[in-house]
Structures are given as structure tokens and as C-alpha cells.
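To start, the structure itself, in C-alpha cells.
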Amino acid sequence: MERETTPSQSEWLIMEVFWANDTPTMTAKEVIKKMQGRSDMSSRMVRVLLNRLWQKGVLSYTVDEHDLRVYHYTVEKSKEECQREKSRKFVESYFEGSRKNAMAALLQSAKLTEEQLQELEEILDKCKDKDNDKE
Numbered sequence: 153m154e155r156e157t158t159p160s161q162s163e164w165l166i167m168e169v170f171w172a173n174d175t176p177t178m179t180a181k182e183v184i185k186k187m188q189g190r191s192d193m194s195s196r197m198v199r200v201l202l203n204r205l206w207q208k209g210v211l212s213y214t215v216d217e218h219d220l221r222v223y224h225y226t227v228e229k230s231k232e233e234c235q236r237e238k239s240r241k242f243v244e245s246y247f248e249g250s251r252k253n254a255m256a257a258l259l260q261s262a263k264l265t266e267e268q269l270q271e272l273e274e275i276l277d278k279c280k281d282k283d284n285d286k287e
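Mapped onto this note's numbering, the consecutive letters of the sequence shown carry residue numbers 153 to 287.
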């Protein structure tokens, strides 16, 4: 079985704090402070999830040179990278790898406005142009 490398739902909440932050590096204490009001997650759980995110390669860390108990966490995967990887795994798991079937299921279950349909058509046109450029 493939090792999981994308954030779980709880880990995603923590990553949202990093992705929305102006600086790419934060300590656990800073993350816990920014999580207040967003989640009722305990400080212990935040630290556990930071460790899991490090194990998955989503975050890296350095140890503070003045206080060895303080870790400075840095983002290694952008939100877009994580979304792409999550989407790919979702399609593989639930649609046998068929992007077409996944898109059809999403579109059939959605009520889209004319504007949204137009935007989707533009995206499809760009995809067609990319495919034609490869030939």
C-alpha cells in the first residue's frame, strides 16, 4: 500500500494556517495561537499533527539554536500541490483512475450557472490547446 503523503482533514486545517501566513516558517506555539477560533483542537493535538505533516513531507523543520525545544516549521508543499495530489488519489480510489468518469460524476451532481459552464468550457479549450501543442 502506498504511503500517504497528503494532509488529512485535520492536518489540512493546520496547513490552511501556514498557507494563509505571510511568513513561510512558524513555531508550534505560533500555529496553536493562529488556530484559536478556527478549531477546538488541543495544543497537544496540533503538535501531533505537525509531526505527521513533517513525516509526510508537507512540512520541514529546523531546531531553534537558542532553545532546542522550539521547532521552526516550514511549508514544503504548496496548497496547489496538495490539491492536485489529493485529486489524483481520489480519482484513482473512486473512479478507477478515470478522470473522465470523475469529471462526469461531478458535473452531473452539480447545478451550474451559465457563467460557471462558460468558465468550464474555457478550461476545456485550454486543455485541448495544450494537447495540440504536444503533437
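C-beta: ideal position from N, C-alpha, C; glycine also.
Keep in mind the model is a prediction, meaning the values are calculated, not measured.
Reference LEU201; option with closest CA among ALA262, SER160 and LEU276: SER160
Start and end residues, beta strand (DSSP E) containing MET178: 177 to 179
Close Cβ partners of GLU228 (< 7 Å) along its chain, the five nearest in sequence each way excluded: GLY209, VAL210, LEU211 and SER212
Opposing strand residues paired with GLN188 [DSSP bridges]: SER191
Beta-carbon spacing of MET197, SER250 below 9 Å: no
CA-to-CA distance, TRP206 to ASP281, given in whole angstroms: 38 Å
SER212: first and last residue of the uninterrupted beta strand (DSSP E) it sits in: 211 to 215
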